[in-house]
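Q: Numbering (numbering that gives the first Met the number 0), first residue to last: 0 to 127.
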Amino acid sequence: MTTRTYNALYEVASHTDDTPFKAQSNSNLQSPLNVHNFTNRQVTACCMLCSILNYICCPLLGIPALIFAILGTEADKREDVEAAKSHAFHLKIFNIIYTVIFILHATFYILVLIIVILMSITGSFDAR
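1. Y54 to I100, Cα distance in whole Å?
2. From which residue to which residue does the alpha helix (DSSP H) around V75 run?
3. For C56, count neighbouring Cβ atoms within 10 angstroms of its own Cβ and tell me buried if that reaches 16, exposed if not.
4. Would you check if the distance between the CB atom of G61 and the CB atom of A87 is smaller than 9 angstroms?
5. Does the distance from the C-beta atom of A64 to that of L90 stay below 9 angstroms?
6. Using the Cβ count rule (16 or more neighbours within 10 Å means buried), how would you classify Y97?
7. Under 6 angstroms Cβ to Cβ from M47, same chain only, skipping five residues before and after it: list those, please.
8. Using the rule of at least 16 other Cβ atoms within 10 Å of the residue's Cβ for burial, across every protein chain shown, is A74 buried or exposed?
9. Rounded to whole angstroms, what is the Cα-Cα separation between R77 and A105?
10. Taking S119 as part of the alpha helix (DSSP H), name the residues at either end of that continuous run.
Pasting the structure below:
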């Protein structure tokens with residue numbers, strides 16, 4: 000099976016919404032794990048969930064991410080490919096930044112918790 004046939008079958012299998020399917024052939028796509036095989040709609044839908052979680056945990060980063068997710072969804076509905084790609088790119092950047100900040104924040108709180116537990120075990124909190 001050629002790469003083009005494989006990619007066309009993958010696009011058909013991954014098509015989940017009610018809009019008419021438009022076959023796209025792109026010969027430089029190589030596997031279904033290649034990120035370019037995913038449509039902007041799939042990327043935006045995936046990132047929309049992350050953006051909602053971002054908004055719940057950190058509204059400062061969640062609000063712009065949600066705005067880009069909504070703009071990307073609307074651009075995809077209009078079939079404006081360039082705008083959808085741009086919004087999906089910015090959305091991914093916000094989600095990556097939030098993930099890094101969240102990991103650093105969680106690591107800090109885990110270290111503080113470990114220090115407090117060690118201080119309570121060694122008796123550092125006891126009055127002298």
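Every residue gets a Cβ at the ideal spot worked out from N, C-alpha and C, and that includes glycine.
A: Inspection of the coordinates gives the following:
1. Residue mapping note: residue 54 aligns to position 55 of the sequence shown, counting from 1. Residue mapping note: residue 100 aligns to position 101 of the sequence shown, counting from 1. Cα to Cα, the separation comes out at about 13 angstroms.
2. Here residue 75 is taken as the residue at index 76 of the sequence shown, counted from 1. The residue asked about is misnamed: residue 75 is Asp in this sequence, not Val. 58 to 76 is the extent of the alpha helix (DSSP H) around D75.
3. In the sequence shown, the residue the question calls residue 56 occupies position 57. Exposed, since its Cβ has fewer than 16 Cβ neighbours within 10 Å.
4. The count along the sequence shown starts at 1 and reaches residue 61 at position 62. The count along the sequence shown starts at 1 and reaches residue 87 at position 88. Cβ atoms of G61 and A87: not closer than 9 angstroms.
5. Along the sequence shown, read from residue 1 onward, the residue named residue 64 stands at position 65. Along the sequence shown, read from residue 1 onward, the residue named residue 90 stands at position 91. Closer than 9 angstroms, so yes.
6. Looking up residue 97 in the sequence shown gives position 98. Buried, since its Cβ has 16 or more Cβ neighbours within 10 Å.
7. For the purposes of this step, residue 47 is taken as the residue at position 48 of the sequence shown. Excluding residues within five positions, the ones whose Cβ falls inside 6 angstroms are A68.
8. Taking the sequence shown and counting its residues from 1, the one referred to as residue 74 is at position 75. A74 should be labelled buried.
9. Residue mapping note: residue 77 aligns to position 78 of the sequence shown, counting from 1. Residue mapping note: residue 105 aligns to position 106 of the sequence shown, counting from 1. Each residue's alpha carbon lies about 39 angstroms from the other.
10. For the purposes of this step, residue 119 is identified with residue 120 of the sequence shown, where counting begins at 1. Start and end: 80 to 121.
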